[in-house]
Structure formats: structure tokens, C-alpha cells
């Protein structure tokens, strides 16, 4: 059974810092890994999708990497802004089923 | 472009009452559809998924059921709500025919059972 863990559970940084969010999964037999953003009381916004054959994906200030052999993914946020404050979730896709981590709650202080 | 709608946005129901949550997708055909629940302290959990009309798979035993009466409509139901059914319910879709596609989520329904 796939288990996904995210560390840290919460993170507070000053504006402008570069930061890394970590995601680890127990079963490397995944089709892809997806990173989401969730604002309080809202649905999930898909940020990046990394297929199992890929090692990283980039979108603007976001870069996500995937290392299947070690069961790890990271989300790198460059030059953080207060608008980046949200909960970030990673999820492994093992076929018609996303298994989510518990999320990292990020606060970027002005 | 594709959009996904959920209603109602919020719902407060007494224990033992019935439930019907609706999800519709626009701008695509033959999507895979999913119901997830996000409960306090338990994270996001897949409840049901559907790869076509009338085809429902359940991931966990529970007090809820799902139906897909039309290609782009997914309904979550219960005959009698329990306190433990409280949570944030999210519907999602992905392009069909493959199980490695990106999933897109709706705005969610906040359900409180009193």
C-alpha cells in the first residue's frame, strides 16, 4: 500500500527566500507524481505533473523533481512571495488513484 | 477549456438525513471522475472513481454511494448521514483512456453533519 509523507508539515519564511518542500513515497511503481496548491477552504490547483519517465518539471518560479529509485520528490519555490502562502500537497498516481501526503502549510511573511 | 462544478458549496445536515452532492464537468468527453474526502486530521482520501457511465469503483467501505447517470455528471449520495461523514468533499476529473493523466479538482463542498 502506497504511503506518502511530506516534510515539513509547516514552514514560515520571509519574502524572497528560496525554499524546498519534500515528498517521499513508499512504492516506486507510480505512473506520475502531482503537486497541488490548496488555499484555505478551496479546492486543489494542480501545479506540476511529473511522469514516471521524467526527472523534473518547471513552471515559472516552481520546479519539481522526481527520483523514483529513492522514492522522493521535491518542490522548489524560487523567490517566494506572500501570495505563495498556502498548503502544498503531493500525490502519487498508481493508476486511477492518487495517494496524497499530509501537506506542507507554507506562510511567506512580507 | 474544461471546467468542473460542484454544488452545493456548503451544506449543514442533521444526522440521519439523506445527502446528494453533484459534480459536473464541461468541455471534455469520457472523463474519468473521482470523489475524494478531506477530513480534519486525515488528509485526502479517494472514495469512488468512475471510468464511464454506470461504472463505479469504491475504494473504502462506508456510508456513502456514488452514481454516474451521464457522461459528465457524478453524484455522491447517502441515505442516512453519520457524524463521521462531515468533511470537505472534492470531485476531480482526468482525461479518460489512460491512468497516468493529470487530475483536476473542483471547488469542493463543505459538509457539516450535526
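Protein chains in written order, with my numbering: chain A, 1 to 110; chain B, 111 to 224. Note that the Cβ used here is the ideal one computed from N, Cα and C, for glycine as well.
Top-ranked residue by Cα proximity to residue i, from the options
| i | options | result |
| --- | --- | --- |
| residue 74(A) | 34(A), 29(A), 108(A), 98(A) | 34(A) |
| residue 192(B) | 116(B), 122(B), 115(B), 144(B) | 122(B) |
| residue 196(B) | 131(B), 211(B), 182(B), 112(B) | 131(B) |
| residue 53(A) | 67(A), 41(A), 42(A), 77(A) | 67(A) |
| residue 134(B) | 180(B), 147(B), 173(B), 224(B) | 180(B) |
| residue 88(A) | 78(A), 82(A), 21(A), 25(A) | 21(A) |
| residue 94(A) | 42(A), 50(A), 103(A), 83(A) | 50(A) |
| residue 138(B) | 155(B), 203(B), 124(B), 116(B) | 203(B) |
| residue 26(A) | 92(A), 97(A), 105(A) | 92(A) |
| residue 303(B) | 148(B), 185(B), 157(B), 200(B) | It is not possible to answer for residue 303(B), since the shown part of chain B is limited to 111 through 224. |
| residue 47(A) | 62(A), 41(A), 101(A) | 62(A) |
| residue 143(B) | 218(B), 175(B), 155(B), 205(B) | 205(B) |
Contact with chain B by residue i, beta-carbon distance below 8 Å
| i | result |
| --- | --- |
| residue 97(A) | yes |
Beta carbon proximity, residue i to chain A, threshold 8 Å
| i | result |
| --- | --- |
| residue 179(B) | no |
| residue 136(B) | no |
| residue 200(B) | yes |
| residue 169(B) | yes |
| residue 174(B) | no |
Residues bridged to residue i [DSSP beta-bridge criterion]
| i | result |
| --- | --- |
| residue 109(A) | 14(A) |
| residue 29(A) | The partner list for residue 29(A) (beta bridge, DSSP) is empty, contrary to what the question assumes. |
| residue 156(B) | 146(B) |
| residue 44(A) | 38(A) |
| residue 7(A) | 22(A) |
| residue 116(B) | 133(B) |
| residue 75(B) | Absent from the structure is residue 75(B), since the part of chain B shown begins at 111 and ends at 224. |
| residue 67(A) | 72(A) |
| residue 59(A) | 62(A) |
Residue i Cβ short of 7 Å to the ligand NAD heavy atom set
| i | result |
| --- | --- |
| residue 106(A) | Of ligands this structure carries none, so the ligand NAD is not represented either. |
Residues that residue i contacts on chain A, provided the C-beta gap is smaller than 7 Å
| i | result |
| --- | --- |
| residue 212(B) | 34, 46, 49 |
| residue 215(B) | 43, 44 |
| residue 156(B) | 97, 98 |
Within chain B, partners of residue i - CB distance below 7 Å
| i | result |
| --- | --- |
| residue 102(A) | 153 |
Proximal chain A residues relative to residue i, where beta-carbon distance stays under 9 Å
| i | result |
| --- | --- |
| residue 218(B) | 41, 42, 43, 44 |
Problem set entry | In chain order, each beta strand (DSSP E) run of at least 3 residues that lies wholly inside the stretch 167-197 of chain B | 175-180, 183-188
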